[in-house]
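Residue numbers (our numbering): 191 to 566.
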Amino acid sequence: MRKCFIPILITCILCACSDQPESPSVLKLSPSGNPLLGLPPLAIPENNPQTPEKSALGKQLFQDKRFSADDSVNCARCHVPANAFIDSLPVAAGIKDQFGTRNSPSVINAAFYTHQFWDGRRDSLEEQAKDPFVNVIEHGLSDHRKIVDIVRTDPDYIKQFRQVFGLEPAQISIDQVVMAIAGFERTLIAGDSPFDQYRFGGDSHALNDAAIRGLAVFQGKGRCTSCHKIAETSALFTDNQFHNLGIGFGKIAGKLTGLIKATRQTEGKIDAPVLTNAELSELGRYAVTGNKADLGHFKTPTLRNIVLTAPYMHDGSLANLAEVIEFHNQGGFANPFLDTEMRPLGLTQQEKSDLAAFMEALTSSQFADANYFKQR
Numbered sequence: 191m192r193k194c195f196i197p198i199l200i201t202c203i204l205c206a207c208s209d210q211p212e213s214p215s216v217l218k219l220s221p222s223g224n225p226l227l228g229l230p231p232l233a234i235p236e237n238n239p240q241t242p243e244k245s246a247l248g249k250q251l252f253q254d255k256r257f258s259a260d261d262s263v264n265c266a267r268c269h270v271p272a273n274a275f276i277d278s279l280p281v282a283a284g285i286k287d288q289f290g291t292r293n294s295p296s297v298i299n300a301a302f303y304t305h306q307f308w309d310g311r312r313d314s315l316e317e318q319a320k321d322p323f324v325n326v327i328e329h330g331l332s333d334h335r336k337i338v339d340i341v342r343t344d345p346d347y348i349k350q351f352r353q354v355f356g357l358e359p360a361q362i363s364i365d366q367v368v369m370a371i372a373g374f375e376r377t378l379i380a381g382d383s384p385f386d387q388y389r390f391g392g393d394s395h396a397l398n399d400a401a402i403r404g405l406a407v408f409q410g411k412g413r414c415t416s417c418h419k420i421a422e423t424s425a426l427f428t429d430n431q432f433h434n435l436g437i438g439f440g441k442i443a444g445k446l447t448g449l450i451k452a453t454r455q456t457e458g459k460i461d462a463p464v465l466t467n468a469e470l471s472e473l474g475r476y477a478v479t480g481n482k483a484d485l486g487h488f489k490t491p492t493l494r495n496i497v498l499t500a501p502y503m504h505d506g507s508l509a510n511l512a513e514v515i516e517f518h519n520q521g522g523f524a525n526p527f528l529d530t531e532m533r534p535l536g537l538t539q540q541e542k543s544d545l546a547a548f549m550e551a552l553t554s555s556q557f558a559d560a561n562y563f564k565q566r
């Protein structure tokens, strides 16, 4: 899939938001006048260009509960618009209130990830959107036929798919459904945090003293930028790579031989196994690549808007930011595949407090109002 890199401030994305006042869109003018300050250009697939109509259709599909085995689960079940597009649970809950094995990350800024899911098994938002529908824990469908049947027969969807894709009902497939969902998700992007105003906007007063000290810890003693990258003109706060921090690895210590064998027997179809088996889930990136060097490795999440998205880690095992900082300060959990950057930091209480203040300053300005999402 070819992608073109274009500036994010493009008319079609802004219109996708402004034309939908009820939408929980994050592309709203902020105090600095630039809601995208600090973000790099967004890659848009050439075969799935952004349009306001496509984004509106994607939002509707995102919220449709009929796309599940018993009409009870939609994408917004785990990615709640009124809650920063998370569910605030340690691990996701799907159909019949079954619980999976992994935490639901926010969709905000997911458009900047080069891999989707904690283990990176999909490379695009389009491909990612297909999997939850046919996962036994999540939407519970055996295949995508129910979804396709609905959009081919629902008069409103027929009209919208004809307008957006130029297709008649019999021509619609799951591919167009997920293209629209991905188009909606690409409007859910946010920069312009106090850090961005300070670093990229030239406002020396945007950060308080504690946050400025925390930035120094973040870039220095804390070694946070090893994985949570800050570039010269933008900052995604992720390296889009995979690392073993030791979280959850204790569950599979001594069981690797059997788990590796079980993974090989899945013939590459790992979505259901890793979400239904807590031990297989802890294999992380290995289940995708089959490379033992990837055992227990999980994707580096962005730190943008991190104070809004607790609990943390791939299994939701750390309840708050203080626990995350202390975990890293202790050097993670020892195991044979622990990332080389994971070692004790020796941070003082003041440094830990300052580091937390800095991460709070990564909250986009439009989210400073606690009612921002609930108003939409």
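Backbone N, C-alpha and C fix where the C-beta goes; we use that ideal spot for every residue, glycine too.
Per DSSP, Ile442 lies in no beta strand (DSSP E) and is assigned neither H nor E. Nearest neighbour of Gln455 by Cα position, chosen from Gly310, Gly444, Leu470, Ala443, turns out to be Leu470. Taking each of Ile496, Ala500, Thr453 in turn and checking the Cα distance to Ala477, the smallest one comes out for Thr453.
If you compare the alpha carbons of Phe432, Ala443, Ala512 with that of Pro491, the shortest gap goes to Phe432. By the Cβ criterion, the region 335 to 342 is not in contact with the region 402 to 419, since fewer than three pairs of Cβ atoms, one from each stretch, lie closer than 8 Å.
In this chain, Ile460 is not harboured by any alpha helix (DSSP H), its DSSP state being neither H nor E. Tyr347 carries a helical assignment under DSSP once its states are collapsed to helix, strand and coil. Boundaries of the beta strand (DSSP E) harbouring Leu232: 232 to 235, taken from the DSSP string.
In this chain, the alpha helix (DSSP H) harbouring Ile364 covers 364 to 375. Rounded to whole angstroms, the separation of the alpha carbons of Pro271 and Phe355 is 26 Å. Shown here for Ala266: same chain residues with a beta carbon closer than 7 Å to its own, the five before and five after excluded, namely Phe252, Gln253 in chain order. By the neighbour-count definition (other C-beta atoms within 10 Å, threshold 16), Asn434 is a buried residue.
Under the rule that a run must span 4 or more residues, the alpha helix (DSSP H) segments found entirely inside the region 499 to 565 read 511 to 519, 539 to 550. In this structure, the alpha-carbon of Gly521 lies about 23 Å from that of Lys445. Ranked by how close their Cα comes to the Cα of Thr377, the residues Ile298, Gly536, Arg292, His418 have Ile298 in first place.
Counting only runs of 4+ residues, the alpha helix (DSSP H) found wholly inside the region 248 to 321 occupies 315 to 320, in chain order. Closest by C-alpha distance to Gly438, out of Leu315, Lys349, Phe488, is Phe488. The continuous alpha helix (DSSP H) containing Val478 extends over residues 476 to 479.
If you look at Gly392, you'll find it isn't in any alpha helix (DSSP H); DSSP assigns it neither H nor E.
Comparing alpha carbon positions, the residue from Asn293, Asp261, Ser278, Ser258 closest to Ala468 is Asn293. By the CB criterion at 8 Å, Phe351 and Ile362 fall inside the cutoff. Just so you know, the alpha carbons of Arg311 and Arg475 end up roughly 8 Å apart. Here Ile327 has Ala282, Gly284, Ile285, Gln288, Phe289, Gly290, Ala462, Leu465, Thr466 as same chain residues with Cβ atoms under 8 Å from its own Cβ, once five neighbours each way along the sequence are excluded. Counting along the chain, Ala406 sits inside the alpha helix (DSSP H) bounded by residues 399 to 409. With fewer than 16 other Cβ atoms from the protein chains shown falling within 10 Å of its own Cβ, Gln539 counts as exposed.
One alpha carbon belongs to Ser507, the other to Gly436, and they sit about 12 Å apart. Phe488 carries a strand assignment under DSSP once its states are collapsed to helix, strand and coil.
Straight-line measurement puts the Cα of Asp309 at about 15 Å from the Cα of Thr428. Assignment of Phe355 by DSSP, reduced to helix, strand and coil, places it in the helix class. Take the alpha-carbon of Phe557 and the one of Ile442: they are about 39 Å apart.
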